[in-house]
Structures are given as structure tokens and as C-alpha cells.
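Residue numbers (my numbering): -6 to 331.
Structure below.
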């Protein structure tokens, strides 16, 4: 990221009194802080429905597929949880079509029963996560102790490759992408799913330039030397303080991450960064939010309201959820019903 392009220590004296001050800081016992926060601790909750991704839950009525139906074309990426390949389907429906194939140990979707709009839990995961701004999961199959997820291949690449090229986005551009992310998160929240892992590499673009969120709130288990790992090893810069301190993971964690993404889009770097994970976590928990003077008052106001450490004060944390964010003046040019 082009963190050096702007001196983010610059701040506007007039607006300083409104900037988040350090009295919002979260004091925690140093010993209890882990540099590997467990993003999957949501699995330990009692009142949740856990649906494991499998052939039966993903495509109960579809043709059976397996590794032999796909030709590997190339490796698209290696994540903390497994590899992603570009593949071509060789047989049956969709023969010849290009997909992305993710290989995991296993993956679970956790749904909060209180939040889901359905009385009867939807057994077909495809229906639950289907949304114009969420990547389409097409097939799933298991073999040899591994789970294969076949997803839409998105030719637009990662949103943040575009951001790296541009340095920063203009507010209109950021507002366009952020509004699509808000709609995707709103859909998942209605289904009782908390995304928990919103970060640059999880925001892809389709050929038309629209957002597609990957992974739709999966609790993933990786294949690492035969040992399963639940701990999170990845980008912490976008994680809500309450995930880092293991004090909660309600829907509001996604709105903090949205704020961190928005900050990155408009300034070229996440709001809190440091030379190592421990110091980054300390900053997220304690440091004041510096808002560069070139941001418009609406952008500054939205960032302040999303990046509130006190969950109850964070925009979107109330029963209105995404509705409270959609009416913010920063999004005034967005037609939410389009």
C-alpha cells in the first residue's frame, strides 16, 4: 500500500476536537493479548447453527462432481487455509467453463438462529449465500479428507490491485464499492451470518467491475501438515478490537472492518499499522484515529462512526444494522434500490 504517499500524521486542528480521542482506548492485560486472534471462536457459541459445507449441503439436487471432472489450469493463490486453482470443468453441465477451485480441510458456516430471517434453517447453502455481490459457490465435493469448493472465476481480480495502481480512490469511487459491500454484508447479516474477515484480498471484482465478496463468512480449517488449525494467521489491520481481545463477535465487527477498508481506500493505508503484529494490535486498541485533512466532512464523520471501539456506539451496531449506514450522507449519491 502507498502508505508513504501522504503523511497521515497531518491533521486538521479545527476538526481535532471531533476526532476519536484516546479516552476510547481499550485497556487489556498484555498477557491476554494474542498476536494470533482466533477468528473462528464463533464456533464455540451455544445458540448457533453450524452447517458444514459438503456435497449434501451445497448442491443436494445437482449432478455429482469430483476431481476427475475438472482440469487444473494454474494456481491462482495460496492462502493461510489452502490453495486456490483456476480449473476448467470437463464434463456435464458447465462443461468447458472456467471456475476457481478452493481446497480446504473443511469449512463451516455458522448462523445465529436469532438473526436468520427463516423459521426453518435453509439446508441448501447456495440459497443462503446467493447475492449479486457475493461470489457464487457452484459445487462442492469431498475426497481424500479434503473439501473442494468450486466458485465463480472472477476476471476482474482483487479490488485492492486496482487501489494499489491508483494509490487512493476518489470518494465517489470508494462510495460505489463500499455501497456494494454494505449490501452484501446486510444480506449475510439477515441470514444470521457474520462475515468476520472483511479485508482487501476478500473483495474481488467481476468483469463489469462490480464487487464480489469471497468466502461469505466461512469458518475455515486449513490443511497444514495434517494438523488442523483454527487460529487466524493473516491480516489483522482490518479486524475489530473485540475480535482481537476475544470479547465478542457480533455483527458490528463487520462495520468496523468496513471502516478500516474505507480508510484504506481513501488514504492508501489501513487506519492503524505498525512494524509488527503486537504493535499493530496495541494501536488498534489504544491509538487515536488520525483523519487526513483532505477528506470531506462526510467521509470523516462516517469513518469516526464506524471506527468506534465502543461497540454500542459504533454505527450499524443497533437493530437497524446496515440501514443506519445506508442513510449516512457519505452515501447520498447511492440509489440503494437500483
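Beta carbons: idealized from backbone N, C-alpha and C, even for Gly.
With 16 other Cβ atoms within 10 Å as the buried cut-off, status of residue i
i           : result
residue 88  : exposed
residue 235 : buried
residue 191 : buried
residue 70  : exposed
residue 95  : buried
residue 250 : buried
residue 121 : buried
residue 179 : buried
residue 240 : exposed
residue 244 : buried
C-alpha distance - residue i paired with residue j, whole-angstrom precision
i           : j           : result
residue 93  : residue 124 : 18 Å
residue 233 : residue 63  : 38 Å
residue 328 : residue 136 : 45 Å
residue 332 : residue 318 : This structure leaves residue 332 out entirely; the chain is present only between -6 and 331.
residue 312 : residue 248 : 13 Å
residue 309 : residue 315 : 6 Å
residue 246 : residue 82  : 37 Å
residue 207 : residue 185 : 17 Å
residue 242 : residue 256 : 21 Å
residue 85  : residue 238 : 48 Å
residue 90  : residue 320 : 40 Å
residue 263 : residue 143 : 31 Å
residue 298 : residue 181 : 21 Å
residue 326 : residue 56  : 44 Å
residue 266 : residue 61  : 45 Å
residue 194 : residue 331 : 26 Å
residue 154 : residue 284 : 24 Å
residue 336 : residue 307 : With the chain represented from -6 up to 331, any question about residue 336 goes unanswered, as that position is not in the structure.
Own chain, CB closer than 7 Å to residue i, minus 5 neighbours either side, in chain order
i           : result
residue 134 : 48, 58, 59 and 141
residue 162 : 156, 258 and 259
residue 323 : 168, 291, 292 and 295
residue 149 : 197, 198, 199, 200 and 202
residue 252 : 296, 299 and 300
residue 269 : none
residue 276 : 265 and 267
Cβ-based neighbour list, residue i, same chain, cut-off 8 Å, excluding 5 preceding and 5 following
i           : result
residue 204 : 126, 152, 170, 173, 174, 177, 196, 197 and 198
Assumed close pair residue i, residue j - CB separation to whole angstroms, cut-off 8 Å
i           : j           : result
residue 254 : residue 231 : 6 Å
residue 305 : residue 282 : Not confirmed; about 18 Å, so no contact.
residue 146 : residue 79  : 6 Å
residue 98  : residue 139 : 7 Å
residue 401 : residue 17  : Since the first and last residues shown for the chain are -6 and 331, residue 401 lies out of range.
residue 289 : residue 159 : Actually they do not touch by this definition, with Cβ atoms about 18 Å apart.
Contact set for residue i: own chain, Cβ-Cβ below 6 Å, skip 5 residues either direction
i           : result
residue 65  : 78 and 80
residue 228 : 192
residue 131 : 143
residue 333 : Because the chain spans -6 through 331 in this model, residue 333 falls outside it and cannot be assessed.
Residue i: CB within 6 Å of a non-hydrogen atom of the ligand NAP
i           : result
residue 129 : The ligand NAP is not part of this structure, which contains no ligands at all.
Those runs of the alpha helix (DSSP H) which lie wholly inside the region 137 to 211 and span at least 4 residues:
Listed in chain order, they are 152 to 159 and 164 to 183.
Would you mind listing the alpha helix (DSSP H) stretches within the region 221 to 286 that are 4+ residues and don't spill past its ends, in chain order?
If you keep only unbroken alpha helix (DSSP H) runs of at least 4 residues inside the region 221 to 286, you get 234 to 237, 245 to 260 and 270 to 279.
Can you check the region 52 to 99 for any beta strand (DSSP E) of at least 3 residues that lies completely inside it and give the ranges in chain order?
Qualifying beta strand (DSSP E) stretches, in chain order: 63 to 72, 75 to 82 and 91 to 97.
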